[in-house]
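**Student:** Just so you know, we're using my numbering here: the sequence shown kicks off at 1 and counts up by one. No residue lacks a Cβ here, since even glycine has one placed at the ideal position from N, Cα and C.
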Amino acid sequence: MKLSILLMLFAIPCSAGDFSEWWHRTPGKNEISNQQFNDQPGILVTCQKENASTVRYLKKWYFYKKHIVGMLAPNQPNQYFIINEQTCQVDTFNSREDFNHTLNKKELIPHIWTRWYDSNWGFFFNGPGNGATFDFFFFRGTWLFFPIVLWSMVMLIKNISKRNSILFLSLAIVSFTIIRIVLDIYPQSL
Numbered sequence: 001m002k003l004s005i006l007l008m009l010f011a012i013p014c015s016a017g018d019f020s021e022w023w024h025r026t027p028g029k030n031e032i033s034n035q036q037f038n039d040q041p042g043i044l045v046t047c048q049k050e051n052a053s054t055v056r057y058l059k060k061w062y063f064y065k066k067h068i069v070g071m072l073a074p075n076q077p078n079q080y081f082i083i084n085e086q087t088c089q090v091d092t093f094n095s096r097e098d099f100n101h102t103l104n105k106k107e108l109i110p111h112i113w114t115r116w117y118d119s120n121w122g123f124f125f126n127g128p129g130n131g132a133t134f135d136f137f138f139f140r141g142t143w144l145f146f147p148i149v150l151w152s153m154v155m156l157i158k159n160i161s162k163r164n165s166i167l168f169l170s171l172a173i174v175s176f177t178i179i180r181i182v183l184d185i186y187p188q189s190l
């Protein structure tokens, strides 16, 4: 107990905040990450071209047609942004009307499914960095086993033969894993 308290007291001076940092390659081969800048945590997009801009303090975003579209944190001068991942051109907007008009003009509104993100989107492939590994082993990885336990209990209660329940549970786990991997690899909206 004393050791736990001691370690918590030294968390900030020892830079234990690294456990919250993560980064990913975007579909356009740029980088999105959660880092500290100006003593404030925030999500930023960095284009990989030379002399390219960095967009900081993302609140939420989605990927669509080689663009990153989203909103910035409320304390930013402009609230909305569109980043062209190939040219690294950044358009920011102060009003929702201008933002929506540009989205319609550039056809950047997904028709089938908009996958909004506000943090690391990976489950199995959650990018490098201490935060991604820490997050999986201590949070996401533990939640992976709850559906397995729940399904096993349902099968036992319904008195389905043991062989059929194990087969069905195995298929469910494999299906979930494949779908989750595809969603990790392809984070785009449709």
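(1) Are the beta-carbon atoms of tyrosine 93 and serine 189 separated by less than 8 Å?
(2) Mind reading off the beta-carbon distance from glutamate 85 to lysine 66? Whole number of angstroms is fine, and I expect it under 8 Å.
(3) How is leucine 167 classed by DSSP in three states: helix, strand or coil?
(4) Which word fits glutamate 21, buried or exposed, when buried means at least 16 other C-beta atoms lie within 10 angstroms of its C-beta?
(5) Can you tell me the Cα-Cα spacing of threonine 54 and cysteine 47, whole angstroms?
(6) Compare the beta carbon distance of valine 45 and leucine 108 with 8 Å and say whether it is the shorter of the two.
(7) For arginine 96, report the span of its alpha helix (DSSP H) as first-last.
(8) Hey, out of Ala73, Gln79, Trp116, whose CA is closest to glutamate 97's CA?
**Tutor:** Concretely, from the data shown:
(1) It is worth fixing the name first, because residue 93 is phenylalanine in this sequence and not tyrosine. Contact flag unset, no.
(2) Between the beta-carbon of glutamate 85 and that of lysine 66 there is about 5 Å, and that keeps the pair under the 8 Å contact cut.
(3) Here leucine 167 sits in helix by DSSP.
(4) With 16 or more Cβ atoms within 10 Å of its Cβ, glutamate 21 is classed as buried.
(5) C-alpha of threonine 54 to C-alpha of cysteine 47: approximately 7 Å in a straight line.
(6) No.
(7) Unbroken alpha helix (DSSP H) run through arginine 96: 96 to 105.
(8) Ranking the options by Cα distance to glutamate 97, first place goes to Gln79.
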